[in-house]
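Novice: I'd like to ask some things about the structure below.
In my numbering, the protein residues as written are 1 to 524.
Next comes the structure, spelled out in C-alpha cells:
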C-alpha cells in the first residue's frame with residue numbers, strides 16, 4: 001500500500017513487484033484459486049504500463065492487492081497441500097531381484113551396487129508385489145520359479161507390462177524349454193538369460209536393458225522461475241513415464257540443456273534476467289538443437305505475444321494457469337511426432353531393424369563398455385544370399401519378402417541385450433556383449449537352422465527356407481574384442497574376412513576369425 005502512494009519508486013522494486021505478480025498469476029490458478037490468479041494477472045498487466053498510469057490507478061491497485069491478500073488468506077493451506085513435499089531422493093536406478101536362490105542373490109546385489117544400481121530383493125512373489133507397491137523399479141530380474149505356480153509368475157509379468165511406462169523384465173532362469181519361453185515371450189517386454197551366467201554378463205544385460213528403457217522414456221526439460229509451478233508440472237508429467245528435468249535459474253540454461261539432452265523443451269515466456277523468447281532464439285541458432293521441439297508457457301495470450309512466440313521458432317504454447325490435461329496432451333502429441341520422425345531416421349523400413357548409422361552407434365557404445373568392464377565383445381557380419389534357381393531371376397517382391405521375414409526372425413532370436421542391424425542390402429550385423437566367439441556362433445547357428453530347408457515351417461507362416469522361387473544361404477563371420485581387434489573398424493574388417501571365407505566354402509555356415517587370417521588382406 002505504501003508503495004502505491006509514493007510517486008518515485010525504485011526501478012528494482014517495480015521489477016520485483018511485476019515478477020511476484022507474474023508468479024502468482026501462474027501458480028494460484030493451478031492451486032485451485034482462479035479468482036486469485038485473475039487478480040494477480042490484473043496487477044501484473046497494470047505494472048507493465050507507464051508510471052503515470054499506475055499512479056492514476058493507485059486506488060484500484062491498492063484494492064486489487066487487498067482483495068488478493070484476502071483471497072490467499074481465506075484459502076490458506078490450499079497451495080501447501082497441492083505442492084509436493086520436497087525430499088532427498090536417491091536417483092540411482094532401482095533393480096528389483098526376484099529369486100529364491102539366496103546364495104545367488106547375495107552375490108548379485110553387491111555386484112549391482114558396483115554398477116551404480118540400488119537393489120531391492122524379494123525371495124517370493126508376495127514380497128515382490130509388496131515392494132512394487134512402495135516403489136517402481138527401473139528393471140526387474142525375475143526367476144519365474146520363485147513361485148511354485150507358473151500362472152502367478154505370468155500374472156506378475158502381465159502386471160509389470162500394464163504399468164505406464166511398462167517395467168522392463170529380464171527372465172533369469174534355468175528353464176530352457178521352448179514352450180515355457182514362448183508363453184512368457186507372448187506377454188512381451190522380456191529379455192531371457194539362461195542360468196548359470198557370469199555375474200558381470202548378467203549386470204551388463206541389466207544395464208543395457210535399463211538404458212534401452214531410458215531411451216524409450218522421453219526427456220522433457222522445463223524452465224520456469226516459479227518453483228511451485230515446476231513442482232506441479234513434475235507431478236503432472238512423471239506419471240506418464242516422462243524423464244523430467246526442471247530449472248528455475250535461466251542463467252544455468254545452457255549447462256543444464258547439454259547435460260539433460262531433452263527430447264522436448266518447455267519455456268516460460270517471462271523470466272528475470274533472460275526471457276524464454278531469448279532462450280528460444282539461442283536454441284534455434286545452434287545447429288545441434290535447432291530441431292528441438294519447444295513449447296511455451298505464457299499468461300499472455302494476446303495476438304502480439306503469440307505471434308512473437310511462433311516468430312522465434314516455438315512449436316506450441318500452453319496458457320497459464322495450466323490445465324493439467326491440456327499440458328499433458330500437447331506435450332505427448334509433440335513427443336509422439338518427434339519419436340515417429342526419429343524412427344524414420346534410425347529404423348530400416350523393410351526389416352524393422354536398426355539401420356547402419358544407428359547400429360554403428362550402438363556397437364560403439366557396447367565396445368566402449370567392454371573396454372571399461374574388461375569383457376569380451378563379439379561382432380558378427382551375416383550375408384543372406386538369395387541365389388536364383390535353375391538360371392531363373394527371382395522376383396524382386398519375393399526377395400523383399402525374404403528380407404522382411406529374415407528381419408522378423410532376427411528380432412525374435414535376439415533380445416534387447418544384443419545389437420542387431422541391417423548393414424547393407426543383404427548384409428546384417430549383430431553385436432554380442434560379454435560373449436566369446438564360440439558362444440556367439442552357438443546363438444547364430446540357431447538362426448541358421450531356421451533357414452534350413454529340412455526345418456518344418458510353422459503352421460500358417462510362409463518360409464523363405466521353403467520358397468520354390470528362391471534359394472537362400474546364410475553365411476557369417478564372427479570377430480571378438482580384444483583378440484581380433486580393439487576398434488570397431490578393425491573388428492568389422494576381421495568379421496568381413498571370415499564372412500568371405502564362409503561364402504567361399506559354400507555358405508550356410510558361421511566361421512570364426514582365425515588368428516592367421518588377421519594378417520591377410522581383406523577381400524574387396
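The C-beta atom is built at its ideal place from N, Cα and C for all residues, glycine as well. Owing to the predicted nature of the structure, the values given are computational and were not obtained by experimental measurement.
1) What number of angstroms, rounded off, separates the C-alpha of residue 253 from the C-alpha of residue 245?
2) Please state whether DSSP places residue 559 in a helix, a strand or coil.
3) What does the alpha-carbon distance come out to for the pair residue 513 and residue 256?
4) Measure the Cβ-Cβ separation of residue 170 and residue 119 and say whether it is below 8 Å.
5) Note down the Cα distance separating residue 249 from residue 274, rounded to an integer number of angstroms.
6) Suppose you measure from the CA of residue 344 to the CA of residue 322; what does that come to, to the nearest Å?
7) At a cut of 8 Å, does the stretch 432-450 reach the stretch 401-421 through at least three beta carbon pairs?
8) Here's the rule I'm using: 16 or more other beta-carbon atoms within 10 Å means buried, otherwise exposed. How should residue 149 be labelled?
9) Specify, as a first and last residue, the run of the alpha helix (DSSP H) that residue 57 falls within.
10) Check whether the stretch 284-302 and the stretch 316-336 touch, using three or more Cβ-Cβ pairs below 8 Å as the test.
11) Any idea what DSSP makes of residue 352, helix, strand or coil?
12) Could you check which residue in 277, 281, 284 and 290 has the C-alpha nearest to that of residue 304?
13) So what does residue 435 bridge to, in DSSP terms?
14) For residue 236, does the three-state DSSP call read helix, strand or coil?
15) Would you list the one or two residues that DSSP bridges to residue 420?
16) Whole angstroms is fine: what's the gap from residue 506's alpha carbon to residue 473's?
17) Using a Cβ distance threshold of 8 Å, determine whether the stretch 94-103 contacts the stretch 132-143, with at least three qualifying pairs required.
18) Suppose contacts are defined by Cβ-Cβ distances below 8 Å. Is residue 540 in contact with residue 218 by that definition?
19) For a test of the three-state rule: what should DSSP assign to residue 17, helix, strand or coil?
20) Identify every run of the beta strand (DSSP E) within the stretch 288-313, keeping only runs that are complete inside it and at least 3 residues long; order them along the chain.
21) Is the distance from the Cβ of residue 197 to the Cβ of residue 209 below 8 Å?
22) In this structure, does DSSP put residue 382 in helix, strand or coil?
23) Measure the C-alpha to C-alpha separation of residue 329 and residue 267 and round it to an integer number of angstroms.
24) According to DSSP, is residue 506 helix, strand or coil?
25) Keeping to the same chain, check which residues put their C-beta closer than 8 Å to that of residue 459; ignore five residues upstream and five downstream.
26) Would you mind working out which of 478, 403 and 488 sits nearest residue 359, comparing C-alpha positions?
27) Would a C-beta distance cut-off of 8 Å place residue 125 and residue 153 closer than the cut-off?
28) Distance, Cα to Cα, residue 110 vs residue 132?
29) Going by CA-CA distance only, name the one from 105, 417 and 338 that's closest to residue 264.
30) With the cut-off set at 8 Å, would you say residue 381 and residue 495 are in Cβ contact?
31) Rounding to the nearest angstrom, what Cα-Cα distance links residue 433 and residue 417 in this structure?
32) Reducing DSSP to helix, strand and coil, say where residue 402 ends up.
33) Does DSSP classify residue 221 as helix, strand or coil?
34) How far does the beta strand (DSSP E) with residue 245 in it extend, from its first residue to its last?
35) Can you find the residues in the same chain that come closer than 7 Å, C-beta to C-beta, to residue 203, ignoring five residues on each side of it along the sequence?
36) Below 8 Å CB to CB, which residues in the same chain sit around residue 444 once its five sequence neighbours on both sides are set aside?
Specialist: Well, looking at it:
1) What you label residue 253 is simply residue 253 of the chain shown in a count that begins at 1. What you label residue 245 is simply residue 245 of the chain shown in a count that begins at 1. Cα to Cα, the separation comes out at about 11 Å.
2) Any answer about residue 559 is impossible in this case: the structure gives the chain only from 1 up to 524.
3) Mapped onto the chain shown, residue 513 falls at position 513. Mapped onto the chain shown, residue 256 falls at position 256. About 45 Å.
4) Taking the chain shown and counting its residues from 1, the one referred to as residue 170 is at position 170. Taking the chain shown and counting its residues from 1, the one referred to as residue 119 is at position 119. Not a contact, by the Cβ cut-off of 8 Å.
5) Here residue 249 corresponds to residue number 249 of the chain shown, with the count starting at 1. Here residue 274 corresponds to residue number 274 of the chain shown, with the count starting at 1. C-alpha separation (whole angstroms): 9 Å.
6) For this step, residue 344 is matched to residue 344 along the chain shown. For this step, residue 322 is matched to residue 322 along the chain shown. If I take the Cα positions, the gap works out to 33 Å.
7) yes
8) As a working mapping, residue 149 is identified with position 149 in the chain shown. Exposed: under 16 other Cβ atoms inside 10 Å.
9) To locate residue 57, count along the chain shown from 1; it is residue 57. Here residue 57 belongs to no alpha helix (DSSP H), and DSSP marks it neither H nor E.
10) Touching, yes, given that three or more Cβ pairs across the two stretches are closer than 8 Å.
11) In the chain shown, residue 352 corresponds to position 352, counting from 1. Coil.
12) Counted from its first residue, the chain shown places residue 304 at position 304. Checking every option, the nearest Cα to that of residue 304 belongs to 277.
13) Position 435 of the chain shown, counting from 1, holds the residue named residue 435. Paired residues: none, contrary to the question.
14) The count along the chain shown starts at 1 and reaches residue 236 at position 236. Residue 236 falls in the helix class under three-state DSSP.
15) What you label residue 420 is simply residue 420 of the chain shown in a count that begins at 1. Residue 420 is bridged to 430.
16) Along the chain shown, read from residue 1 onward, the residue named residue 506 stands at position 506. Along the chain shown, read from residue 1 onward, the residue named residue 473 stands at position 473. Cα to Cα, the separation comes out at about 9 Å.
17) yes
18) Any property of residue 540 remains undetermined from this structure, which presents the chain solely from 1 to 524.
19) On the chain shown, residue 17 is found 17 positions in, with the first residue counted as 1. If DSSP states are grouped into helix, strand and coil, residue 17 belongs with the helices.
20) 294-298
21) Here residue 197 refers to the residue found at position 197 when the chain shown is read from its first residue. Here residue 209 refers to the residue found at position 209 when the chain shown is read from its first residue. No, the Cβ-Cβ distance between residue 197 and residue 209 is not below 8 Å.
22) In the chain shown, the residue the question calls residue 382 occupies position 382. In the structure shown, residue 382 sits in a strand (DSSP, three-state: E or B).
23) Along the chain shown, read from residue 1 onward, the residue named residue 329 stands at position 329. Along the chain shown, read from residue 1 onward, the residue named residue 267 stands at position 267. Approximately 17 Å, taken between the alpha carbons.
24) The residue you call residue 506 lines up with position 506 of the chain shown. Of the three classes helix, strand and coil, the one that applies to residue 506 here is coil, per DSSP.
25) Translated into the one-based positions of the chain shown, residue 459 becomes position 459. Interpretation of residue 459 is limited by its pLDDT of 39, a score under 50 that renders its predicted location unreliable; the figure taken from the coordinates is listed afterwards. Once the five neighbours on either side are set aside, residue 459 has no close Cβ partner at all.
26) Sequence index remark: in the chain shown, residue 359 carries index 359 (1-based). Here the closest residue by C-alpha is 488.
27) The sequence position of residue 125 within the chain shown is 125, counting from 1. The sequence position of residue 153 within the chain shown is 153, counting from 1. Contact: yes.
28) As a position in the chain shown, residue 110 is number 110, starting the count at 1. As a position in the chain shown, residue 132 is number 132, starting the count at 1. Rounded to the nearest angstrom, the two C-alpha atoms are 21 Å apart.
29) In the chain shown, the residue the question calls residue 264 occupies position 264. Nearest of 105, 417 and 338 to residue 264, Cα basis: 338.
30) As a working note, residue 381 is residue 381 in the chain shown. As a working note, residue 495 is residue 495 in the chain shown. Yes. Within cutoff.
31) Numbered from 1 along the chain shown, position 433 holds the residue referred to as residue 433. Numbered from 1 along the chain shown, position 417 holds the residue referred to as residue 417. Distance between the alpha carbons of residue 433 and residue 417: 7 Å.
32) Within the chain shown, residue 402 is the residue found at index 402, counting from 1. The answer is helix: DSSP assigns residue 402 an H, G or I state.
33) As a working mapping, residue 221 is identified with position 221 in the chain shown. Strand, per DSSP.
34) Walking along the chain shown from the start, residue 245 turns up at place 245. Residue 245 -> beta strand (DSSP E) spans 243-247.
35) Counting from 1 along the chain shown, the entry for residue 203 is found at position 203. So the qualifying residues of the chain are 111, 112 and 115.
36) The residue you call residue 444 lines up with position 444 of the chain shown. Around residue 444: 380, 382, 430, 476, 478 and 510.
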